[in-house]
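The listed protein sequences derive, respectively, from chains W and Z. Be aware that the first sequence starts at 1, since it is given in my numbering, and climbs by one per residue. Be aware that the second sequence starts at 1001, since it is given in my numbering, and climbs by one per residue. Presented below is the structure to which this report refers.
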Amino acid sequence: MTRETALWRRLIGARARGQVAYPVSFLLQLFSTSLLFFVELAVVALMFRQVDRLGGWRLAEVAFLYGLSAVAIGVALCLGSGLVAFPDQIRQGGFDQVLTRPASAFVQVLAADLRLDRLGRVLNGLIVFGYALVVLDVEWTAGRLLYLPVVVVSAAVVFGALFVLEATLCFWTTQGLEVVNAFTFGGATLSQYPLHLFDGWLRRLFLFAIPVGLVIYAPSLYLLDKHDPLGLPGWLRFTAPLVSALFAAVAGSLWRVGVRHYRSTGS
Amino acid sequence: MGSGDGGEPMVVARGLGKTYRVATHRGGALGALRGLVDRSGRDVRAVDGVSFTVDRGEMVGYVGPNGAGKSTTIKMLTGILVPSDGEATVDGLVPWRQRKALAARIGVVFGQRSQLWWDLALVESLDLLRHVYRVPKDRFAINLAGLRDLLDLDPFLATPVRQLSLGQRMRGDLAAALLHDPAILYLDEPTIGLDVVAKARVREMLARLNRERGVTVLLTTHDLADVEHLCRRMIVIDRGRLLFDGAIDELRRRFGPHRTLVIDLEDGDPAPAAGPFCPGVDWVRADGPRRWLRFDRDAVPAADLIAAVAARHRVRDLTIEEPAIEDIVRRIYTEGMGTP
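Now the structure itself:
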């Protein structure tokens, strides 16, 4: 395991070096990617010119959710670049090459690409998150301070696992499935708003099947000390690390099933 | 345990077969989704009970038309694919059961797809592969020095891979596949897309590799000139079945019995363009002062024929042409293995 981690670091490091070789162009790219998402944010801000609150949440509170979600997605998108590029890799026969090497197939796929410009999304999230923290009067108890980084990592893991699941589907279908993006990027967009704004089945889907709600919305209720209009059990606010670990384990098992399927069909 | 370097062949395939299930295609996203659940379709027998062995140090051409089952066979022998039936060992290991262990002992070059990192210098790519294959540092230094010499890498070792010519890239890929001292090298279309000069260069390097280092090579190609230049033995496969396995000379004897004597005549010689010359020998073609005489290799000794021609005609120059392997193999594909 440690050997594979070391290999991942080395492969990803080589990819990163190529991209920061031209620092000016890299920084420009980073900022332009970041700027792109402020348009998304402008929509939210415009909404708040009409209404004071969204489902009982103020602008800064929604900004808190948005920032949390954007940082997590940005990290997952960047470190999971290889998974996002997997449909192309498998179509061009690159996965065959992966299987002829004496290292973990997953590590090789993960490290096959690294798009550092996707950190622009993280930058964007951090700025929004910073704004929220300045405006909001969060009472930073020790519990909240400790839980916040755990929540960020858990959310990034859940998004990463979603990308694993999306990549896994490629073992069965060579055509890219646009439908799947509804779950990944749909889930990402949805997680930027208070979950109780949404309809029942959508809510349940993104709480219990694709648990973005359990790692972003539910912990935020605790972090921001908000009332829960859904009446979810209070302990659900603290399950983010457990939920993300379980979801990642499920994604990992399905990935292994996918590899086995690929090796028996070669499709 | 593991491989004995002794008498056991490098590759043993016995009754190797692979059946694919080809799904009936549906359009659109919904069709793709349905394809996930509904596995109906028809079975395609890509490889149908293929048996052969490859000895250590041998260089064997594995040829067949597109879709014959070449790459499916290679995928089973590298551990990528699990066969539907049959058995195989490579260097004493069962490829699909001991994939990772085998991966450390084989080198694979896909001519159509580089395994080098596009945006890194060649030498950096090779260094990354050193970690993938866990090659000790001193071993790596020795191997790289040898490969730099064999493949003449020095002129472009520091060049980013995306800037390499196709021929240079292929040499880089060969180096990448050889860094960890593989016992066997699988080459899949190693000269595809190369110009004549680069092709000749790569072939010469492959021949040296096999001759000087004793690396076993299984060469898959549709360019039979590769096989003609490099291999003494070839395996021909079509529609999943093995059609021929033996020496290339043997293939010629069995399926290409006719050789051709090409003669350049002095001006004004009245040799005909077509018609019989003597039993077993015919004029078959003319082009200016050049004539083609086709003769049966078993019935007519070449020396006798040359003497007979020189006695009747004024000959300026002559050469003997063997039937091109390409023509012979094409005939095997179309006419099967019946009497030639």
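From the three backbone atoms N, C-alpha and C, an ideal C-beta is built for every residue, glycine too. Computed from a predicted model, the values in this text were never measured in an experiment.
Buried or exposed: where does residue i fall if 16 or more other Cβ atoms within 10 Å of its Cβ makes it buried?
{"i": "residue 1295/Z", "result": "buried"}
{"i": "residue 108/W", "result": "buried"}
{"i": "residue 181/W", "result": "exposed"}
{"i": "residue 187/W", "result": "buried"}
{"i": "residue 1327/Z", "result": "exposed"}
{"i": "residue 1266/Z", "result": "exposed"}
{"i": "residue 86/W", "result": "buried"}
{"i": "residue 134/W", "result": "exposed"}
{"i": "residue 47/W", "result": "exposed"}
{"i": "residue 143/W", "result": "exposed"}
{"i": "residue 61/W", "result": "buried"}
{"i": "residue 90/W", "result": "buried"}
{"i": "residue 969/Z", "result": "Absent from the structure is residue 969/Z, since the part of chain Z shown begins at 1001 and ends at 1340."}
{"i": "residue 1279/Z", "result": "exposed"}
{"i": "residue 38/W", "result": "exposed"}
{"i": "residue 1270/Z", "result": "exposed"}
{"i": "residue 1339/Z", "result": "A caution first: residue 1339/Z carries a pLDDT of 45, below 50, which makes its placement in the model unreliable, though a value can still be read off. Exposed."}
{"i": "residue 1142/Z", "result": "exposed"}
{"i": "residue 28/W", "result": "exposed"}
{"i": "residue 141/W", "result": "exposed"}
{"i": "residue 100/W", "result": "buried"}
{"i": "residue 6/W", "result": "exposed"}
{"i": "residue 1175/Z", "result": "buried"}
{"i": "residue 1118/Z", "result": "exposed"}
{"i": "residue 1115/Z", "result": "buried"}
{"i": "residue 192/W", "result": "buried"}
What in chain Z is Cβ-close to residue i, meaning under 9 Å?
{"i": "residue 117/W", "result": "Within 9 Å Cβ-Cβ: nothing; residue 117/W doesn't reach chain Z, min ~14 Å."}
{"i": "residue 136/W", "result": "Residues of chain Z passing the Cβ test: none, with the nearest at roughly 41 Å."}
When you compare the CB positions of residue i and residue j, do they come within less than 8 Å of one another, or not?
{"i": "residue 197/W", "j": "residue 55/W", "result": "yes"}
{"i": "residue 1047/Z", "j": "residue 1073/Z", "result": "yes"}
{"i": "residue 1262/Z", "j": "residue 1292/Z", "result": "yes"}
{"i": "residue 1238/Z", "j": "residue 1064/Z", "result": "yes"}
{"i": "residue 41/W", "j": "residue 66/W", "result": "yes"}
{"i": "residue 1332/Z", "j": "residue 1243/Z", "result": "yes"}
{"i": "residue 224/W", "j": "residue 64/W", "result": "yes"}
{"i": "residue 96/W", "j": "residue 1184/Z", "result": "no"}
{"i": "residue 183/W", "j": "residue 162/W", "result": "yes"}
{"i": "residue 1159/Z", "j": "residue 1121/Z", "result": "yes"}
{"i": "residue 113/W", "j": "residue 74/W", "result": "no"}
{"i": "residue 1203/Z", "j": "residue 1191/Z", "result": "yes"}
{"i": "residue 1015/Z", "j": "residue 1124/Z", "result": "no"}
Under 8 Å Cβ-Cβ, which residues of chain Z neighbour residue i?
{"i": "residue 94/W", "result": "1113"}
{"i": "residue 97/W", "result": "1108, 1110, 1113, 1115"}
{"i": "residue 14/W", "result": "1117, 1120, 1124, 1128"}
In chain W, which residues lie with their C-beta within 7 Å of the C-beta of residue i?
{"i": "residue 1131/Z", "result": "7, 10"}
{"i": "residue 1100/Z", "result": "102"}
{"i": "residue 1078/Z", "result": "100"}
{"i": "residue 1119/Z", "result": "18"}
{"i": "residue 1104/Z", "result": "102"}
In three-state DSSP terms, what is residue i?
{"i": "residue 1220/Z", "result": "strand"}
{"i": "residue 131/W", "result": "helix"}
{"i": "residue 1010/Z", "result": "coil"}
{"i": "residue 1063/Z", "result": "strand"}
{"i": "residue 255/W", "result": "helix"}
{"i": "residue 1180/Z", "result": "coil"}
{"i": "residue 1231/Z", "result": "coil"}
{"i": "residue 1020/Z", "result": "strand"}
{"i": "residue 225/W", "result": "coil"}
{"i": "residue 1321/Z", "result": "strand"}
{"i": "residue 138/W", "result": "coil"}
{"i": "residue 1286/Z", "result": "strand"}
{"i": "residue 109/W", "result": "helix"}
{"i": "residue 1314/Z", "result": "coil"}
{"i": "residue 1261/Z", "result": "strand"}
{"i": "residue 270/W", "result": "Since the first residue shown for chain W is 1 and the last is 267, residue 270/W is missing from the structure and cannot be characterised."}
{"i": "residue 103/W", "result": "coil"}
Can you pull the chain Z neighbours of residue i, defined as C-beta to C-beta under 7 Å?
{"i": "residue 264/W", "result": "1082"}
{"i": "residue 209/W", "result": "By Cβ distance, chain Z contributes nothing, its closest Cβ being about 17 Å from residue 209/W, past 7 Å."}
Give me the chain W residues within the contact set of residue i, using Cβ-Cβ distance strictly less than 8 Å, ordered along the chain.
{"i": "residue 1021/Z", "result": "265"}
{"i": "residue 1096/Z", "result": "263"}
Counting Cβ pairs closer than 8 Å, one from the segment 1015 to 1022 of chain Z and one from the segment 1102 to 1113 of chain Z, do we hit at least three? The segment 1015 to 1022 of chain Z and the segment 1102 to 1113 of chain Z do not touch, with fewer than 3 CB-CB distances between them shorter than 8 Å.
Looking at C-beta atoms only, is the number of pairs between the segment 70 to 88 of chain W and the segment 117 to 126 of chain W that lie closer than 8 Å three or more? Three or more pairs of CB atoms, one per stretch, sit closer than 8 Å, so the segment 70 to 88 of chain W contacts the segment 117 to 126 of chain W.
Three or more beta-carbon pairs under 8 Å between the segment 1240 to 1259 of chain Z and the segment 1206 to 1221 of chain Z, yes or no? no
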